[in-house]
Amino acid sequence: MAKNPLLVLSSALIVGLWAGAQVVHIPYVINLLALVTAILYVACHSSLILREEQALSRGELPPGDDGTSSERISAPPSETLRKEDAMQFPLLGSASLFSLYMAFKYFDRNVVNMIISVYFGLVGCAALTVTFSPILGTMLPKVFTSKRLQKEIKINHFLPQFIGGESPWVVGIDASLADVLAFVASVAFSVVYLKSKHWALNNVLGIAFCLQGIERFSLGTYKIGAILLVGLFFYDIFWVFGTDVMVTVAKNLDGPIKILFPRSLVPNAETGKIELSLLGLGDIVIPGFFLALLLRFDAHNANLPYFPTDCHASFPKPYFHSALLAYVAGLATTLFVMIQFNAAQPALLYLVPACLISSLLCAVVRGELKELFAYSEEEEEEETADVDVKKDPAAKKAD
């Protein structure tokens, strides 16, 4: 099966830039633009697996599968954003951001960072395991993927049902040997990161969060994506230009919620540390959700088969490519303004218009504006079927 050369190149570029930046000085603007573009390209193509999951949820089956096969591998779990969630997201984000600001203001910074680091270390174990397990599966003998560890553990608890749910808790484990090895390696990696807090280890976790987040999350529809982006557009502007909250939290928070780029490999004479620039994961992941949706819309337009998922499949990608180029241009504009005025910039101020305008312009030029707004990945509400079946008795008599 033919490989997508750009996808292969992007994957190699992520590894190459991460390793190379530790030994060779790469201008941080070039490093940032190239690494973020590569992350988005890989993550968005990996998100094509969502099309297969959505087809399975609709009751569709792969060719040759009559529904009785027990060997079918379930699609990875994913989440789909609702319109209500998109509208509330900037408010919830503001509450979380301000809570962190108050925590740094009234509590010891080291204690706050320790709590946050432990949390992200645990989450990082899961992200790294899911990221590296498929890689190990392709490198190791077949027995590491075919032999699986399956176990069901029941844990009795004495909590009230409204707090802990029904007793016992049932914990199911279904993992291959490759999964187990990846998990052990991820735990060891997270421990080393928590002890050293080295910028390169921080970036591994940050990249894993980006890849897994974009791959497993769907905005549902273009409209919901637009609502989310516009809401966060004003959120970013307010907290960066209107207050010192965003900048204060970004400078004080010592956790893998950002990707760091060395300005120089020579340590500062006063601090003994190298100077670093940063880009928050939100400026990658949020637009990444939108770009991934556009790529799946391209696949939908091209009638790409749902089964099997092939992230290397060749098909026209006008919406994805135009939005990705616009994103890179918006990010470059952000860096230019930041350097020119020597002041922090809300990246979404430039990225949101770039993504929205490019996708709308592409739809207008192609005459597909109606199709773009009609495209949906939302799951049908179960209640819809119930309403059709359970009609009012009086209505039945009228019929």
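Under our numbering, the first residue of the sequence shown carries the number 13, and numbering increases by one thereafter.
The C-beta atom is built at its ideal place from N, Cα and C for all residues, glycine as well.
6 Å Cβ shell around residue i - same chain, five flanking residues per side excluded
| i | result |
| --- | --- |
| Gly232 | Thr92, Leu93, Glu389 and Glu390 |
| Ala98 | Ile236, Ile239 and Leu240 |
| Asn16 | His324 |
C-alpha distance - residue i paired with residue j, whole-angstrom precision
| i | j | result |
| --- | --- | --- |
| Asn280 | Glu287 | 7 Å |
| Phe250 | Lys263 | 18 Å |
| Glu380 | Val155 | 48 Å |
| Val297 | Gly225 | 7 Å |
| Phe302 | Thr255 | 27 Å |
| Val124 | Leu112 | 9 Å |
| Leu384 | Ala375 | 7 Å |
| Thr321 | Pro75 | 13 Å |
| Val196 | Leu29 | 25 Å |
| Arg228 | Pro146 | 15 Å |
| Arg121 | Ser289 | 21 Å |
| Val261 | Thr346 | 20 Å |
| Ala31 | Ile38 | 11 Å |
| Met114 | Met126 | 16 Å |
| Met151 | Leu293 | 29 Å |
| Ile42 | Pro172 | 55 Å |
Helix, strand or coil at residue i [DSSP, three-state]
| i | result |
| --- | --- |
| Arg70 | coil |
| Asp186 | strand |
| Phe327 | coil |
| Ile170 | Inspection of the sequence shows that residue 170 is occupied by Phe rather than by Ile. Phe170: coil per DSSP, three-state reduction. |
| Leu140 | helix |
| Phe119 | coil |
| Ser230 | strand |
| Glu178 | coil |
| Ile369 | helix |
| Lys382 | helix |
| Thr92 | strand |
| Gln352 | helix |
| Lys15 | coil |
| Glu65 | helix |
Contact under 8 Å by Cβ, residue i with residue j
| i | j | result |
| --- | --- | --- |
| Phe144 | Ala194 | yes |
| Phe309 | Tyr387 | yes |
| Asn214 | Leu291 | no |
| Val182 | Lys207 | no |
| Cys367 | Ala335 | yes |
| Ser370 | Ala325 | no |
| Leu360 | Asp295 | yes |
| Tyr247 | Pro102 | yes |
| Phe198 | Leu140 | Looking at the sequence itself, residue 198 is Ser, so the reference to Phe does not match. Yes, Cβ-Cβ distance for Ser198 and Leu140 is below 8 Å. |
Residues of its chain near residue i, where Cβ-Cβ distance is below 8 Å and the 5 sequence neighbours each way are ignored
| i | result |
| --- | --- |
| Leu307 | Cys56, His57, Ser59, Leu60, Lys329, Tyr331 and Phe332 |
| His169 | Gly176, Ser179, Pro180 and Trp181 |
| Leu278 | Just to set this straight, residue 278 is Val in the shown sequence, not Leu. Closer than 8 Å at the Cβ level, and outside the excluded window around Val278, lie Ile286. |
| Leu25 | Ala46, Leu47 and Ala50 |
Checklist entry - Which full runs of the beta strand (DSSP E) of 3+ residues lie inside the stretch 249 to 295, going along the chain? => result 270 to 274 and 288 to 292
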